[in-house]
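Asks:
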Ligand SMILES: [Zn+2]
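Numbering (my numbering), first residue to last: 3 to 248.
#1: Here's a check: name, in chain order, each residue in its chain whose Cβ is nearer than 7 angstroms to the Cβ of residue 244, leaving out the five neighbours to either side.
#2: At what residues does the beta strand (DSSP E) containing residue 71 begin and finish?
#3: Any chance the region 119-138 sits against the region 64-77, with 3 or more Cβ pairs inside 8 angstroms?
#4: Inspect the CB distances between the region 130-139 and the region 161-178 and report whether three or more fall short of 8 angstroms.
#5: Which of the three DSSP states, helix, strand or coil, is assigned to residue 48?
#6: Tell me which same chain residues have a C-beta within less than 8 angstroms of the C-beta of residue 21, skipping the five on either side of it?
#7: Could you check where the alpha helix (DSSP H) with residue 130 kicks off and where it finishes?
#8: Is it right to say residue 239 is buried, meaning 16 or more other beta carbons lie within 10 angstroms of its own, or is it exposed?
#9: Could you name the residues of the same chain whose beta carbon sits closer than 6 angstroms to that of residue 146, not counting the 5 residues immediately before and after it, in chain order?
#10: How many Å lie between residue 29 and residue 84 at the Cα?
#11: Could you work out which residue in 232, 142, 123, 174 is closest to residue 181 when comparing CA atoms only?
#12: Roughly how many angstroms lie between the CA atoms of residue 247 and residue 219, to the nearest whole one?
#13: With distances taken from each beta carbon to the nearest heavy atom of ligand 1, which residues come in below 5 angstroms, in chain order?
#14: One question on the structure: do residue 151 and residue 39 come within less than 8 angstroms of each other, judged by their Cβ atoms?
#15: So, helix, strand or coil for residue 11, using DSSP?
#16: Thinking C-beta only, is residue 173 closer than 8 angstroms to residue 9?
#17: How is residue 83 classed by DSSP in three states: helix, strand or coil?
As structure tokens, this is what we get:
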């Protein structure tokens with residue numbers, strides 16, 4: 003009997019930007035050999051009680067509830083931060099790296115370029131620095147496109163920030179799924195030539211080049227689902243944890 007591959011992809015809602023319903027997502031990939039691989043950790047916990055002022059290019063209001071906290075999202079599927087083996091950090095913006103300090107047992111995987119510019123004072127990354135620059139965190143810096151584990155590929159997609167990364171996950175039934183993250187935050191931005199460049203995209207030509215790179219990978223790999231980083235229209239159409247893609 004062929005054994006059914008048991009890879010699962012969970013999508014967590016870790017907060018919202020209102021009134022537009024723009025999601026702040028995180029992801030968990032459970033591999034066939036039971037590795038737990040997270041992607042991003044959401045907004046800092048303190049934002050639940052003390053929401054910051056309006057955020058991002060559209061100046062939206064942060065809305066985070068207790069249930070949105072990554073620890074509580076993990077608990078609903080029976081996991082604790084200490085169960086996470088790898089945490090793919092796509093970049094150090096506060097809506098992606100806000101709870102890294104909870105993951106002291108995990109290996110945090112970041113692009114070398116992003117880590118280095120952030121450490122050297124890249125302004126964007128300083129806002130959440132207390133969450134990512136800590137002696138008790140264990141980093142693995144990677145360079146460019148690499149396979150992290152069989153079926154999990156990291157794709158360097160600079161532009162939004164230097165050394166941003168996206169993730170390709172190969173699932174047994176759904177096929178390859180692309181987590182574009184903030185390289186292409188909405189489906190409407192998939193066309194490299196015509197897409198909107200957000201005011202918080204650091205480098206326009208790199209942003210367009212990374213958009214083109216992801217479109218080419220999606221085409222070449224036969225990706226049927228591209229999950230965008232902050233897409234208010236797409237998010238309600240996706241399966242959220244405790245449901246999963248397999
Ligand atoms: Zn973001």
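Heads up, the beta-carbon is just placed ideally off N, CA and C, and yes, glycines get one too.
Replies: On the basis of the coordinates in this document:
#1: Position 242 of the chain shown holds residue 244. Here the set comprises 78, 79.
#2: As a working mapping, residue 71 is identified with position 69 in the chain shown. From DSSP, residue 71 is part of no beta strand (DSSP E); its letter is neither H nor E.
#3: no
#4: no
#5: For the purposes of this step, residue 48 is identified with residue 46 of the chain shown, where counting begins at 1. If DSSP states are grouped into helix, strand and coil, residue 48 belongs with the helices.
#6: For the purposes of this step, residue 21 is taken as the residue at position 19 of the chain shown. So the qualifying residues of the chain are 62, 63.
#7: Position 128 of the chain shown holds residue 130. Premise fails: residue 130 is in no alpha helix (DSSP H) and is neither H nor E.
#8: Counting from 1 along the chain shown, the entry for residue 239 is found at position 237. By the 10 Å Cβ count, residue 239 comes out exposed.
#9: Taking the first residue of the chain shown as 1, we reach residue 146 at position 144. Closer than 6 angstroms at Cβ, skipping near neighbours: 158.
#10: To locate residue 29, count along the chain shown from 1; it is residue 27. To locate residue 84, count along the chain shown from 1; it is residue 82. Rounded to the nearest angstrom, the two C-alpha atoms are 16 angstroms apart.
#11: Working through the chain shown from its first residue, we reach residue 181 at position 179. When only C-alpha atoms are compared, the closest one is 232.
#12: Looking up residue 247 in the chain shown gives position 245. Looking up residue 219 in the chain shown gives position 217. One C-alpha to the other measures close to 20 angstroms.
#13: 97, 184
#14: Locating residue 151 in the chain shown gives position 149, where the first residue counts as 1. Locating residue 39 in the chain shown gives position 37, where the first residue counts as 1. Yes; because the gap between Cβ atoms is below 8 angstroms, this pair is in contact.
#15: Indexing the chain shown from 1 puts residue 11 at position 9. Here residue 11 sits in strand by DSSP.
#16: Along the chain shown, read from residue 1 onward, the residue named residue 9 stands at position 7. Along the chain shown, read from residue 1 onward, the residue named residue 173 stands at position 171. Yes, they are a contact pair.
#17: Numbered from 1 along the chain shown, position 81 holds the residue referred to as residue 83. Helix at residue 83.
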